[in-house]
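To start, the structure itself, in structure tokens.
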Amino acid sequence: MADYKNMTAIEALREAKDASGMTAEAIARGAGLSATHLRRYLDPGDNYAPSLSIIPALCRVMRNTILLQWLEAQIQMTPDDALVTPAATRADVLTAVARAGCALGEVQRIVAEARVLYPSTAREIRSGLGDVIAACRNAQAGLQPLAEQRDSRAALASLGEGAQEPPGALPEPMEGETRRPWWKVWR
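According to this note's numbering, the sequence shown is numbered sequentially starting from 826.
Okay, here's the thing in structure tokens:
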């Protein structure tokens, strides 16, 4: 699923257009717009966006609700968003993801140990999945300020450690340490 919360209006409109498989001219004709107007909406260099009154027509013509989902994501704030401190380092992100993984492991343990899924077991699993969802939302909310960054240099710098390294670069081994290939870590 697309990250609608961090998309621009133009990116959302382009995604809706791509999902429809229609040409800009066909969409414009169906929505009662000129093709020039629609092309301006789709131009990333132009700060021209459709008015609220035209969005329902665009959704009907393109036969999808991507623009509405984008609008909803722009105004939606979960309770977790207000309570979570932004991730300041990769360690914060790893910790949040580990908590989510731990919660999912607990659900997996419950399912594995249950010989029969009784209603009480199903309630316990649902509760555990709620914990997984909450932990994932916490991790998402911690990454939100970073995800909002448009300049990759600013985003990397906001992580603090490793800011000068290119994306995907591995840290240098410490003195006397040898690097093992990733596939040998799991043995």
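All C-beta atoms, glycine included, are put in the ideal place defined by N, C-alpha and C.
Owing to the predicted nature of the structure, the values given are computational and were not obtained by experimental measurement.
Query: Using the three-state DSSP reduction, which class does residue 972 fall into: helix, strand or coil?; Result: helix
Query: For the structure I just gave you, are there three or more beta carbon pairs, one from the stretch 860-872 and one from the stretch 917-929, closer than 8 Å?; Result: no
Query: If you pair each beta-carbon of the stretch 842-857 with each one of the stretch 874-894, do three or more pairs fall below 8 Å?; Result: yes
Query: By the 10 Å Cβ neighbour count, where 16 or more other Cβ atoms means buried, how is residue 909 classified, buried or exposed?; Result: buried
Query: Using only CA atoms, which one of 849, 832, 959 lies nearest to residue 922?; Result: 959
Query: Quick check: what's the CA-CA separation for residue 882 versus residue 944?; Result: 46 Å
Query: What does the Cβ neighbour count give for residue 955, buried or exposed, with the cut at 16 atoms within 10 Å?; Result: exposed
Query: List the whole-angstrom C-beta distance separating residue 968 from residue 918, where the pair is believed to meet the contact cut-off of C-beta under 8 Å.; Result: 7 Å
Query: Would you kindly report the start and end of the unbroken alpha helix (DSSP H) that includes residue 936?; Result: 915-938
Query: Go to residue 866, then tell me how far its alpha helix (DSSP H) extends in each direction, as first and last residue.; Result: 860-867
Query: Taking only the alpha-carbon atoms, compute the straight-line gap between residue 873 and residue 962 and give it to the nearest angstrom.; Result: 33 Å
Query: Quick test of your reading: residue 911 and residue 970, contact by CB under 8 Å. State the CB separation rounded to the nearest angstrom.; Result: 4 Å
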